[in-house]
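Protein chains: 2
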Amino acid sequence: MLRFRCIQLFTSPFEAPFIQSFKPHTSISCAQMGSYSTTSSSSQNSPKLVFRQLFEKESSTYTYLLADTSHPQKPALLIDPVDKTVDRDLALVKELGLKLIYAINTHVHADHVTGSGLIKTKFPGVKSIISKASNAKADLFVEPGDKIYFGDIFLEVRATPGHTLGCVTYVTGDGPNQPQPRMAFTGDALLIRGCGRTDFQIFTLPKDTLLYPAHDYKGFTVSTVGEEVLYNPRLSKDKEIFKNIMQNLNLSYPKMMDVAVPANMVCGLQETKSEAC
Amino acid sequence: MLRFRCIQLFTSPFEAPFIQSFKPHTSISCAQMGSYSTTSSSSQNSPKLVFRQLFEKESSTYTYLLADTSHPQKPALLIDPVDKTVDRDLALVKELGLKLIYAINTHVHADHVTGSGLIKTKFPGVKSIISKASNAKADLFVEPGDKIYFGDIFLEVRATPGHTLGCVTYVTGDGPNQPQPRMAFTGDALLIRGCGRTDFQIFTLPKDTLLYPAHDYKGFTVSTVGEEVLYNPRLSKDKEIFKNIMQNLNLSYPKMMDVAVPANMVCGLQETKSEAC
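These protein sequences, in sequence, are chains A and B. Take this note's numbering: the final residue in the first sequence is number 870, and no numbers are missing along the way. Take this note's numbering: the final residue in the second sequence is number 870, and no numbers are missing along the way.
Okay, structure coming up:
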C-alpha cells in the first residue's frame with residue numbers, strides 16, 4: 594500500500610528515492626546455492642550497489658550500508674544502525690562520498706539502542722523508517738509490499754512477524770537492473786542457523802537469495818535461503834517440534850531490554866521534542 | 594616460480610587445482626570505488642565463486658572460505674583458519690557440499706593458533722600451504738608469483754612482508770572468468786584503516802580491489818584499495834612519519850604469542866610425527 598503520509602513528509606533532494614507499492618514477488622527459482630554478494634555492473638547507466646556489512650561486538654549486531662553509486666548523489670541507507678557505532682558508520686559514509694538519506698530498522702530492538710535517533714541529530718535530513726505494525730515512532734512507516742528507493746535500487750518490504758509483531762524483512766528488488774542474487778535483511782526474524790517463525794515469507798524467495806541477519810553469535814556473516822531450508826535447526830522442523838524447541842529455550846532476561854525497548858520505540862532518542870525522530 | 598616439490602607432494606583427485614607460476618599483474622585501472630563482493634556468472638561453463646567470511650571473536654580473526662561450485666567436485670580452500678572454529682568451518686564446508694583441498698595461511702600468526710593442523714587430522718587429504726619465506730612447516734610452499742588453483746579459479750601470491758618477513762597476500766586472479774572486482778586477502782599486512790608497510794605490493798592492485806584482512810577490531814568487514822590509499826591513517830603518511838607512528842604504538846606483548854608462534858610454525862600441531870602437517 595502506498596504510504597501517502599510518508600511521501601508528504603519526505604524532504605530528500607533526490608527525484609528517485611521514494612516509497613511505493615509493489616506486488617509481492619513469490620516465484621521460486623532453482624538458482625544455485627548462493628555465493629557471497631554481488632552487484633558490479635558493466636553498464637554505465639545501470640545502478641551499482643555499494644554494500645558494507647558492519648559489526649557491533651557487544652550485542653553481536655550487524656548494521657548494513659547500501660548505496661547506489663551510479664546515481665549522481667550516491668544516495669545511501671543504513672539498516673539497523675546501533676547507537677554505539679554511529680560515529681564509525683557516519684565516517685564511512687563520508688569517506689565513500691555517499692549521501693545518507695534513510696536510517697531503517699527491521700523492528701524495535703530489545704538488545705541495543707538503535708542509532709537512528711543519534712544519526713538524525715547529526716544529519717537532520719536523514720529520515721528514519723520502521724514498519725507501521727511496530728507501533729514505534731519514525732519519520733516514515735512502511736507496510737508489506739512497499740518499496741524503498743535509494744537512487745535506482747530499491748528494497749521490498751516483507752512482513753516477517755514472530756520475533757516481534759512488527760518485524761519486517763527488507764529484500765533487494767527483483768528486476769533487470771537490481772542486484773543478483775537478491776539480498777534479504779532479515780533482522781532477528783531469521784538468524785543464520787537460528788530462527789524466528791518466518792519461513793512462510795522468507796522461504797518463498799529464490800534459494801540463492803543472500804540472507805543478512807541483524808545478529809550472529811558464531812561468527813557467520815551471511816547465509817542463503819537454500820541453506821536455511823536445509824540446515825536451520827529450528828525452521829527445518831515441523832510446527833509442533835518448533836513450538837516445543839522455542840518453549841524450552843530457557844533464555845535469560847535480555848540485559849538491555851528495559852533501556853533499549855523504550856528508546857527504540859522513539860527511534861533511539863529517549864526524549865524527543867517532536868513526533869518524528 | 595613453479596614449485597615442483599609442491600606439485601610432487603600433491604595428491605588431490607582434481608585435474609585442475611595446482612600451483613603454477615605467473616607474471617605478476619601490476620596495471621592499475623580506474624575502477625569505481627568498490628562494492629562488496631561479486632562472482633555469480635550467467636554462463637554454465639564459467640567458474641562460480643562461493644565466498645564466505647567467518648569471524649572468530651576472541652582474536653577478532655577472519656577466516657575466508659572460497660570454492661569453485663561450477664567444478665563437478667566443488668573444490669574449496671580456507672584462508673587463515675583458527676583452531677577454535679575449525680568445527681564450525683568444516684560443518685559449513687559439508688553443508689555447502691564442498692570438498693576442502695587447501696588450508697592456507699597468510700603468515701605465522703602470533704595471536705591465535707592456525708586451524709590448518711587440526712583440519713588435517715580430520716581431513717588428511719587437505720594440504721596446508723604457507724609461504725616459503727615464513728620458514729614454517731607445511732605441505733606446500735608458495736613464493737611470490739605462484740598461482741593456487743581451486744577448480745578454474747585461482748589465487749595469485751604477492752609478497753607483502755612487514756608484519757612478518759614471510760607475509761604474503763593472496764589475490765583472486767586477473768582474467769575473463771575470474772571474480773570481478775578482484776579480492777585481496779591481506780592477512781595482517783594491511784588491516785582496514787590499519788597497517789603493515791605493504792603498500793608497494795597491495796596498492797598496485799586496481800582501486801576497486803576488495804581488501805579482506807585477517808582481523809578487524811572495529812567491526813568492519815571489507816575495504817578497497819582506493820579507500821585505504823586515501824584514508825588509511827598510517828599508509829597515507831610518508832615513510833618517516835610512518836616509522837615514527839609505528840615506533841610509538843607502545844603495544845603490549847601479545848598474550849597468545851608464546852603459544853601461537855611455536856604452534857603455527859608447524860601448521861597448528863605442537864607435536865607432529867612427519868614433516869608435513
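All residues carry an ideal CB built from backbone N, CA and C; glycine is no exception. In this text, all values refer to a predicted model and were calculated from it rather than measured experimentally.
Within chain A, no residue has its CB atom less than 9 angstroms from the CB of Tyr695 (chain B), the nearest being about 18 angstroms off. Relative to the Cα of Ile723 (chain A), the nearest Cα in the group A:Arg827, A:Pro717 and A:Gly708 belongs to A:Gly708. For Arg681 (chain A), the C-beta contacts it makes with chain B under 9 angstroms involve Lys811, Gly812 and Phe813, in order along the chain.
Under the three-state reduction of DSSP, Asp851 (chain A) is assigned to helix. Nearest in C-alpha terms to Ala777 (chain B), of all of B:Asp661, B:Gly759, B:Cys788 and B:Val750, is B:Val750. Chain A places a beta carbon closer than 8 angstroms to that of Arg645 (chain B), counting this residue as a contact. DSSP places Gly780 (chain A) in the strand class (E or B) of the three-state scheme. Inter-residue distance for His705 (chain A) and Val675 (chain A) is about 7 angstroms (C-alpha atoms, whole angstroms).
Take Gly780 (chain B), set aside five residues on each side of it, and the residues of its chain with a beta-carbon closer than 6 angstroms to its own are Thr699, His700, Cys760 and Ala807, in chain order. Residues of chain B with a Cβ closer than 9 angstroms to the Cβ of Phe648 (chain A) are, in chain order, Phe648, Asp809, Lys811, Gly812, Phe813 and Thr814.
Listed as beta-bridge partners of Arg751 (chain A) by DSSP are A:Thr762. If you ignore the 5 residues before and after Gly787 (chain B), its C-beta comes within less than 6 angstroms of no other C-beta in its own chain. Here DSSP, grouped into helix, strand and coil, assigns Arg645 (chain B) to strand. For Tyr824 (chain A), the enclosing alpha helix (DSSP H) covers residues Val818 to Tyr824.
Along the segment 649-718 of chain B, the alpha helix (DSSP H) occurs as fully enclosed runs of 4 or more residues at 679-688 and 709-715, listed in sequence order. Going by DSSP, Lys836 (chain B) is part of the alpha helix (DSSP H) stretching over Lys832 to Gln840.
In terms of Cβ geometry, Val764 (chain B) and Leu733 (chain B) do not form a close pair [threshold 8 angstroms].
What Tyr846 (chain B) touches in chain A, judged by beta-carbon distance under 9 angstroms, is nothing: the nearest beta carbon there is about 23 angstroms away.
The beta carbon of Pro668 (chain A) is closer than 7 angstroms to those of Phe607, Pro610, Ala660, Asp661, Lys692, Ile694, Phe743 and Gly744 in its chain, skipping five residues each way along the sequence.
A Cβ-Cβ distance of about 19 angstroms is found for the pair Ser816 (chain A) and Ile838 (chain A), leaving them out of contact under the 8 angstroms criterion. Thr814 (chain A) places its beta carbon less than 8 angstroms from that of Gln646 (chain B). For Glu820 (chain A), the neighbours in chain B by C-beta distance under 8 angstroms run, in chain order, Glu688 and Leu689. Within the same chain, and ignoring the five residues on either side of Ala703 (chain B) in sequence, the residues whose Cβ sits closer than 6 angstroms to its Cβ are Pro847, Met850, Ala853 and Val854. Only residues of its own chain outside the window of five on either side were considered, and among them Tyr655 have a CB closer than 7 angstroms to the CB of Phe648 (chain A), listed in chain order.
Here Ser727 (chain A) carries a helix assignment [DSSP, helix/strand/coil]. If you look at Pro806 (chain B), you'll find it in the beta strand (DSSP E) that goes Leu803 to Pro806. Ranking B:Val735, B:Ser845 and B:Lys713 by CA distance to the CA of Val679 (chain B) puts B:Lys713 first. Taking C-beta atoms as the reference points, Gly812 (chain A) and Leu711 (chain A) fail to come closer than 8 angstroms.
Chain B places a beta carbon closer than 8 angstroms to that of Tyr824 (chain A), counting this residue as a contact. In the structure shown, Ile795 (chain B) falls within a helical segment according to DSSP collapsed to helix, strand and coil.
Using beta-carbon distances, Thr678 (chain B) counts as an interface residue toward chain A, with a partner under 8 angstroms. Here Gln773 (chain A) is buried: its Cβ has 16 or more other Cβ atoms, across all protein chains shown, within 10 Å.
Spanning the alpha carbons of Met858 (chain B) and Ser721 (chain A) requires a straight line of approximately 51 angstroms.
For Ile697 (chain A), the number of other beta carbons within 10 angstroms of its own is at least 16, and it is reported as buried.
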